[in-house]
Structure formats: structure tokens, C-alpha cells
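In my numbering, the protein residues as written are 19 to 278.
We put the CB at the ideal spot given by N, CA and C, even for glycine.
Heads up, the thing below is written out as C-alpha cells.
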Amino acid sequence: MIRAIFFDFDGTILSHTTKRVPDSAIYALNLLKKQGILTIVATGRHITEIQEFDFCQNFKFDAYITLNGQYCFNETETIYSNPVSKNDVDAILDHIQEDPYPCVFVEKDRQYMNFYTDSVIEEYKKLGTSLPTLENIERARIQPIYQLSPYLSEKQEKELFTRCHDIKIDRWTDYVIDVLPAIGGKDIGIQKVMEYYDLKHNETMGFGDATNDIPLLKSVGIGVCMGNGKEEVKQIADYVTDSVDEDGLYNALEKYQIIK
Numbered sequence: 019m020i021r022a023i024f025f026d027f028d029g030t031i032l033s034h035t036t037k038r039v040p041d042s043a044i045y046a047l048n049l050l051k052k053q054g055i056l057t058i059v060a061t062g063r064h065i066t067e068i069q070e071f072d073f074c075q076n077f078k079f080d081a082y083i084t085l086n087g088q089y090c091f092n093e094t095e096t097i098y099s100n101p102v103s104k105n106d107v108d109a110i111l112d113h114i115q116e117d118p119y120p121c122v123f124v125e126k127d128r129q130y131m132n133f134y135t136d137s138v139i140e141e142y143k144k145l146g147t148s149l150p151t152l153e154n155i156e157r158a159r160i161q162p163i164y165q166l167s168p169y170l171s172e173k174q175e176k177e178l179f180t181r182c183h184d185i186k187i188d189r190w191t192d193y194v195i196d197v198l199p200a201i202g203g204k205d206i207g208i209q210k211v212m213e214y215y216d217l218k219h220n221e222t223m224g225f226g227d228a229t230n231d232i233p234l235l236k237s238v239g240i241g242v243c244m245g246n247g248k249e250e251v252k253q254i255a256d257y258v259t260d261s262v263d264e265d266g267l268y269n270a271l272e273k274y275q276i277i278k
């Protein structure tokens, strides 16, 4: 019996086309709640971005795996916390001073960056959320940083990698990467949340569409790729449903007889 379902956000719950959650997905998520099945979002986004969407102001997930697994929590407490090492944050700050590029610094409850470019503005238009505030990024030398998102060239990326010793990188567009701790990712966050709720592997299901969702789909009992997902994600999924705009989430839950 499925007791918990993990959902990527962008391209899975939220449509890239309409920038809203389809009515069928809202209906399905509310049905899951009524049936006592845990609904858990697993996203690269920060909680402040999720809260900007009208749907998420009204619907409360049982738990949140944010920042690609680096900060996990529910309404009562922090479940798991895994910041980037101070040495690596300092190395990135030093690199930016020498060869400036825009970079988003993400703390537990806020995100900010040093300056905007056309690429930054364009990417946030695609995301459908507000630009991070402009602040003095030197505060990142003091505060725990859970994720960084530099907008940099391949040459700068290679240089960054030589300076840091405990990171891994997820590139999500041609312009921007996510920098995470080397031991981190959605799979680690899911593991910690499963332990917290005492969930067995065969009691879980997950939905995703992007390459950073591959660890998610491999971590659950049933892994579902959206029809709009990347080909490499479809290849490892247990099932490929319709696209987010074609009621894919609802249709897969109905196929597996999860919702009634």
C-alpha cells in the first residue's frame, strides 16, 4: 500500500506552459490528502519561491524537500539540513571577486545575489517567480548556505571546480548551475524523510520530469516520469504518464488505483 508520494515541482505539478497547477493535479492532491497519503514535494526551489504560487498558499504539503535535498522540513521541525562547506563557499566568493559573475546564495529562509544580467532576468521569467534580492553576498561567509546558483561560462565552471573540494554540480540551463554538497541530492533528502516517517521503499511513489529527478525516481517504489520529461528520465522510470498539461499526474495515480 502506498503511504507517501514524492513530487517534483516544475514540469510535474507546475506547468511550464501556463505557469499554474492544472485543475486535475489540484483535485488529485486533495484526494490524496483525504485518503491519508503523505504528499511531499521534492524540488530544487527555495520555499519562498514555492509560496509565491497561489496553489501553494492554499495547499500545504506534509513535508518539503527543498534545494535538491539540502533542506527538508515539515510544519513542526527541520527533518534534515546539509549546507555547503564553509571552505567551498569562501572559494566561490573569492572566485567571484576575481572574475565576477551573477550568483544566487541560498540560506534556509532567504535567497539573494550580487547583480542581475539579461540571462538572470530571462531565467526567472521562465521560473515564474520574483528575482532574488540584491544584497552584499559577503554575508554568505557567516551564514549557512545550502545551495548556490552561479551564472557562468564553461571555462568559469571548470575553474570553480578546481577551487572547491566538496561539491557537485547540476546544470539546469545553458546559463546556470546549482552547486550542492558532494554528498547531497534529492535521493538523500528522500531517504531522510522516509526514515523520519518510517516509510518502507514499497510504500512510496514518486513523480518527476528532469534529469535531477532521476535520483528521486530511483529512490521510491514506483517511479513515474511525466510525458514532458527528458528521454533519459523516461528510460529509468517504471511508468511514463501523460504530460503535465494533459493531466499526467492525475492519470498515473488513477492507473495505479492510488486515488479513488
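Could you check the C-alpha separation between residue i and residue j for me, to the nearest Å?
i    : j    : result
Q275 : E156 : 51 Å
V124 : I163 : 6 Å
Q115 : G62  : 26 Å
K51  : D265 : 18 Å
L178 : G202 : 18 Å
T222 : D127 : 28 Å
I58  : V197 : 23 Å
Q253 : I160 : 42 Å
D106 : I240 : 36 Å
T30  : Y45  : 14 Å
Q174 : N269 : 43 Å
L56  : V258 : 22 Å
K210 : P120 : 32 Å
G224 : F133 : 36 Å
Y169 : F24  : 29 Å
H183 : G54  : 43 Å
L217 : Q88  : 20 Å
H34  : T94  : 31 Å
D188 : P199 : 11 Å
N9   : D256 : Outside the displayed range of the chain (19 to 278) lies residue 9, so it cannot be described from this structure.
G226 : V242 : 7 Å
N100 : I68  : 20 Å
Is it buried or exposed, residue i, if we count other Cβ atoms within 10 angstroms and call 16 or more buried?
i    : result
E213 : exposed
K143 : exposed
Q165 : buried
T135 : exposed
P118 : exposed
E141 : buried
K176 : exposed
D112 : exposed
S167 : buried
From the DSSP output, read off the bridge partner residues of residue i.
i    : result
K186 : L198
P168 : C121
D28  : L32
Y23  : Sequence inspection shows Ile at residue 23; the Tyr mentioned does not correspond to that position. The partner list for I23 (beta bridge, DSSP) reads T57 and M223.
S99  : Y89
Measuring alpha carbon to alpha carbon, tell me which residue in the options is nearest residue i.
i    : options                   : result
L149 : T66, K37 and N269         : T66
N86  : R21, V102 and G54         : V102
N76  : A255, V39, L111 and Q88   : V39
G146 : E70, T180 and A109        : E70
V251 : I232, S261, D260 and V262 : I232
D263 : K278, D72, N246 and I277  : N246
T84  : F27, I20 and D256         : F27
S137 : S99, Y193 and L152        : Y193
D41  : N230, A158 and D72        : D72
M19  : G207, C243 and V238       : V238
A22  : Y215, Y98 and L235        : Y215
Would you list, in sequence order, the uninterrupted beta strand (DSSP E) runs of no fewer than 3 residues that lie entirely inside the stretch 101–160?
121–124 and 129–131
Any chance you could list the beta strand (DSSP E) runs of at least 3 consecutive residues sitting entirely within the stretch 198–270, in chain order?
222–226 and 240–243
At what residue ranges does the stretch 54–97 contain a whole run of the beta strand (DSSP E), taking only runs of 3 or more?
56–60, 81–84 and 89–91
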